[in-house]
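Down below is the structure, laid out as structure tokens.
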Amino acid sequence: MRQPPGFVVKGSEDKVCRLKRSLYGLKQSARSWNNKLHQVLVGDGFKRSEADPCLYSKQVNGKRCYILVYVDDLIIASEEEKLITLAGRILERNFEIVSLGEVRNYVGIEVERDNAGDFHISQRKYITDIVKSAGLEDAKSSPIPIDVGYFKPNTEDKPLPDNTEYQKLVGKLLFVAVNSRPDIAAPVSILSRKLSNPTQRDWNELRRIVRYLKGSINLKLRLSNRGDDSGLVGYADADWAECRNDRKSNSGFLFKFCGGTISWACRKQTCVSLSTAEAEFVALSEASQEAIWIQRLLHDLDEDVQNIQLNEDNQSCLKMLHTEKFSNRTKHIDTKYNFVKDLYQSGVIQFMYCPSEIMAADLLTKPVARVRVQQLRRLNGLED
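Under the UniProt record's numbering, the sequence shown has 223 at position 223, and the numbering climbs by one with no breaks.
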């Protein structure tokens, strides 16, 4: 490290310092901190999750204690108060820590717990800050997050002279979309593809998302300990060739566990699908990968999920799983076909038909109208 100002040794100005320990701000400091924390936790009997390296667990007399790590912000959870206290003492012996009590706000995510024991996840304060920074406090709220006709060609659209503010706003909205609001995941994903060359229309649609969040700021994800016993249930959907530029499709999936929404995503497919069924099959493949990972994560949380149900609204896609024959229209998707079909034949995942009217992942694939938005966000687990 260069000698800091005010502490430069005269006559040795060209020399550097050799550090005996990490300092805040160095590129290796984060790794050093994580290694130290890992050493402390493992030394006390905690085991790191194979599915998520930021999750640790320990079993004492048949009871589990979990520690979730986000840099130096930690959550300790257990059904036994004593185990939480013991874990806190372990950290106190090795680090200077501040205990904030029951979790209320974690890395910008607000957590509320009602009298029934249900958890409600939201980001109201963070959204309020976005609205203020965008200068939209007095703007009229929008009933939809993105215009239904966004993908229609517009030859009069002009490029933004500076994309800096556009990129900043996309980053802020992404944090909301991936943590608490599946209803804006598709719009934010679609508009994030224009980071290098946004147009005035893209900027207007991005600000529409902010106005939509302003009008729906009280929506929360509910996670209940009184949910059903349906196990892990997923929904997969695709919007075929909607993008006019390259004709690549959008994939969307959403997963619920015991009735509560725990995972969702909207992604642009990397290949051009030649039919709706093929686009749906690609989406099914992506959702299956997520399902396997969630199953592993739940196993590390002492929840052995044997029943995984993945819902699909395209009959042709499902028929491809049930047949032993290749056709001229499907043989080119061999890799994804065999991956999903292997999961089906081995019984790891049950693939079920789901009517389009109740396909929860539909909101994660494309812009939809106002009434459909309201219907689908309820299916996504969002409540006032």
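The beta carbon of each residue, even a glycine, is placed where N, CA and C say it ideally should be.
Just so it is clear, the structure is predicted and the values come from calculations on it, not from any experiment.
Nearest residue (CA-CA) to residue i, options the options
{"i": "Thr365", "options": "Val272, Arg113, Glu280, Leu136", "result": "Glu280"}
{"i": "Gly347", "options": "Arg267, Val305, Gln315", "result": "Val305"}
{"i": "residue 386", "options": "Leu191, Phe46, Asn307", "result": "Outside the shown range of the chain, which is 1 to 384, sits residue 386, and nothing can be said about it."}
{"i": "Thr128", "options": "Leu19, Ile209, Ser285, Trp264", "result": "Ile209"}
{"i": "Leu221", "options": "Pro182, Arg193, Asn204, Phe253", "result": "Pro182"}
{"i": "Glu242", "options": "Arg267, Val233, Leu254, Phe253", "result": "Arg267"}
{"i": "Phe257", "options": "Ser192, Leu321, Leu301, Tyr106", "result": "Leu301"}
{"i": "Arg113", "options": "Glu102, Val107, Thr335", "result": "Glu102"}
{"i": "Ser22", "options": "Lys15, Glu13, Asn34, Asp14", "result": "Asn34"}
{"i": "Gly260", "options": "Ser273, Gly231, Glu278, Ala283", "result": "Gly231"}
{"i": "Gln28", "options": "Leu191, Met1, Asp362", "result": "Met1"}
{"i": "Val282", "options": "Leu169, Val107, Phe253, Pro153", "result": "Phe253"}
{"i": "Pro18", "options": "Asp384, Thr270, Ser189, Pro4", "result": "Per the sequence shown, residue 18 should be read as Arg rather than Pro. For Arg18, the nearest C-alpha among the options comes from Pro4."}
{"i": "Ser288", "options": "Thr276, Ser273, Trp264", "result": "Trp264"}
{"i": "Ser99", "options": "Asp73, Gln123, Gly117", "result": "Asp73"}
{"i": "Glu50", "options": "Thr323, Thr199, His299", "result": "His299"}
{"i": "His322", "options": "Tyr344, Pro161, Gly88", "result": "Tyr344"}
{"i": "Gln200", "options": "Tyr150, Leu223, Asp246", "result": "Tyr150"}
{"i": "Lys214", "options": "Met320, Ala134, Phe339, Asp202", "result": "Ala134"}
{"i": "Arg193", "options": "Phe175, Gln167, Lys58, Ile90", "result": "Gln167"}
{"i": "Leu173", "options": "Leu136, Val340, Leu206, Asp14", "result": "Leu206"}
{"i": "Gln269", "options": "Ile262, Glu92, Met359, Lys336", "result": "Lys336"}
{"i": "Ala360", "options": "Ser189, Asn380, Val9, Arg370", "result": "Asn380"}
For residue i, the first and last residue of its enclosing beta strand (DSSP E)
{"i": "Gly260", "result": "260-268"}
{"i": "Tyr150", "result": "Tyr150 -> no beta strand (DSSP E), and no H or E assigned at all."}
{"i": "Ala238", "result": "232-239"}
{"i": "Glu60", "result": "It should be noted that the sequence gives Val, not Glu, for residue 60. From DSSP, the beta strand (DSSP E) with Val60 extends over 55-60."}
{"i": "Met352", "result": "350-353"}
{"i": "Cys65", "result": "63-70"}
{"i": "Ala287", "result": "From DSSP, Ala287 is part of no beta strand (DSSP E) but of the alpha helix (DSSP H) over 276-300."}
{"i": "Gln309", "result": "308-312"}
{"i": "Leu254", "result": "250-257"}
{"i": "Leu100", "result": "Run containing Leu100: none; DSSP gives neither H nor E here."}
{"i": "Ile109", "result": "109-113"}
{"i": "Lys27", "result": "First-last for Lys27: undefined, no H or E at that position."}
{"i": "Asp73", "result": "73-78"}
{"i": "Arg21", "result": "Note, Arg21: premise wrong, no beta strand (DSSP E); not H, not E."}
{"i": "Leu223", "result": "220-223"}
Any C-beta of chain C under 8 Å from that of residue i
{"i": "Ser12", "result": "Given the protein chain composition of this structure (a single chain), no chain C is represented."}
Cβ neighbour criterion (16 or more within 10 Å) applied to residue i
{"i": "Glu357", "result": "exposed"}
{"i": "Tyr24", "result": "exposed"}
{"i": "Asn218", "result": "exposed"}
{"i": "Ser196", "result": "exposed"}
{"i": "Arg104", "result": "exposed"}
{"i": "Leu318", "result": "buried"}
{"i": "Asn204", "result": "exposed"}
{"i": "Asn154", "result": "exposed"}
{"i": "residue 425", "result": "The chain is shown only over 1 to 384; residue 425 falls outside these bounds and no answer can be derived."}
{"i": "Gly171", "result": "exposed"}
{"i": "Ala116", "result": "exposed"}
{"i": "Tyr353", "result": "exposed"}
{"i": "Gly11", "result": "exposed"}
{"i": "Cys65", "result": "buried"}
{"i": "Ser32", "result": "exposed"}
{"i": "Asn245", "result": "exposed"}
{"i": "Val16", "result": "exposed"}
{"i": "Gln315", "result": "exposed"}
{"i": "Ala30", "result": "exposed"}
{"i": "Asn311", "result": "buried"}
7 Å CB neighbourhood of residue i in its chain, flanking five on each side removed
{"i": "Pro60", "result": "In the sequence under discussion, the amino acid at residue 60 is Val, which differs from the Pro named in the question. Correct list, in chain order: Leu83."}
{"i": "Lys63", "result": "Ser78, Glu79, Glu80, Leu83"}
Start-to-end residues for the alpha helix (DSSP H) that takes in residue i
{"i": "Glu165", "result": "164-179"}
{"i": "Ile127", "result": "124-133"}
{"i": "Ser189", "result": "185-192"}
{"i": "Lys319", "result": "315-322"}
{"i": "Arg211", "result": "200-215"}
{"i": "Ile146", "result": "Segment: none, Ile146 is in no alpha helix (DSSP H) and carries neither H nor E."}
{"i": "Gln375", "result": "370-379"}
{"i": "Arg89", "result": "81-94"}
Distance between beta carbons of residue j and residue i, contact taken as under 8 Å
{"i": "Ile109", "j": "Ser180", "result": "6 Å"}
{"i": "Ile349", "j": "Ile308", "result": "5 Å"}
{"i": "Ser249", "j": "Asp237", "result": "Not a contact, Cβ separation roughly 10 Å."}
{"i": "Pro159", "j": "Pro187", "result": "Not really, about 20 Å apart at Cβ, beyond 8 Å."}
{"i": "Ile75", "j": "Leu68", "result": "4 Å"}
{"i": "Ile121", "j": "Val111", "result": "6 Å"}
{"i": "Gly234", "j": "Ala185", "result": "About 15 Å; that fails the 8 Å criterion."}
{"i": "Tyr212", "j": "Ser141", "result": "7 Å"}
{"i": "Asp52", "j": "Leu297", "result": "6 Å"}
Cutoff 8 Å; reference residue i; Cβ partners in own chain excluding five residues on either side
{"i": "Val368", "result": "Ile144, Val148, Asp362, Leu376"}
{"i": "His38", "result": "Arg48"}
{"i": "Asp118", "result": "Arg222, Leu223, Ser224, Asn225, Arg226"}
Other residues of its chain near residue i: CB distance less than 6 Å, five sequence neighbours each side excluded
{"i": "Asn94", "result": "Val40"}
{"i": "Val340", "result": "Leu284, Ser285, Ser288"}
{"i": "Lys58", "result": "Gly45, Phe46, Cys65"}
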